[in-house]
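Numbering (the numbering used here), first residue to last: 1 to 148.
All C-beta atoms, glycine included, are put in the ideal place defined by N, C-alpha and C.
In what follows, a single structure is set out as structure tokens and then discussed.
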């Protein structure tokens, strides 16, 4: 039985929410379909997936070799308590990534993408943002493009 995907564009040039599939149990044709969607939209959001670590790694590898294994990032400690925003070294490190940045620009081969899992998300908003750098580049005048 073929599943019909629901694709909802997030913006005119960038991003889509993909529903109607289970990432932990993809059909034979779905990996290629997802890859094509990624090339078209650059950012894909798959709500309500609840992947295990192994399932997320398997999914991430559909897009190519991983730079590194899963790195948990959280403001919640293993015991369930909230990390101290003033004294906790992990929070201090995370604070350095709060401004706009692109992952892995310091590496000899930069990452083409990132795969995230959120375990608890707010009903609206949140503090993660994405930018369509292809559209930003295309909007530059020719002199600036040449300079870059």
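Close beta carbons around residue i, own chain, < 8 Å, minus the five adjacent residues each side
i	result
residue 35	62, 63
residue 20	3, 4, 5, 6
residue 47	17, 19
residue 11	132
The alpha helix (DSSP H) enclosing residue i, as first and last residue numbers
i	result
residue 33	30 to 41
residue 145	142 to 147
residue 134	133 to 138
Proximity to residue i [Cα-Cα], best of the options
i	options	result
residue 4	29, 83, 82	29
residue 129	141, 15, 8	15
residue 60	122, 140, 117	117
residue 65	124, 111, 119	111
Whole-angstrom C-beta distance between residue j and residue i, which should lie under 8 Å
i	j	result
residue 23	residue 55	7 Å
residue 13	residue 132	5 Å
residue 57	residue 69	7 Å
residue 145	residue 137	7 Å
Close Cβ partners of residue i (< 7 Å) along its chain, the five nearest in sequence each way excluded
i	result
residue 31	62
Extent of the continuous beta strand (DSSP E) run through residue i
i	result
residue 18	16 to 19
residue 53	Taken as a continuous stretch (DSSP letters only), residue 53 belongs to no beta strand (DSSP E), being part of the alpha helix (DSSP H) at 53 to 60.
residue 12	Residue 12 -> no beta strand (DSSP E), and no H or E assigned at all.
Close Cβ partners of residue i (< 6 Å) along its chain, the five nearest in sequence each way excluded
i	result
residue 134	none
residue 41	15, 16
residue 45	17
residue 1	Since pLDDT at residue 1 reaches only 45, below the 50 mark, its modelled position is unreliable, and the value read off the structure follows with that caveat. Within the same chain, residue 1 has no close Cβ partners at all.
residue 27	none
Original post:
Between the region 74 to 84 and the region 40 to 57, do three or more beta carbon pairs fall short of 8 Å?
Top reply: no
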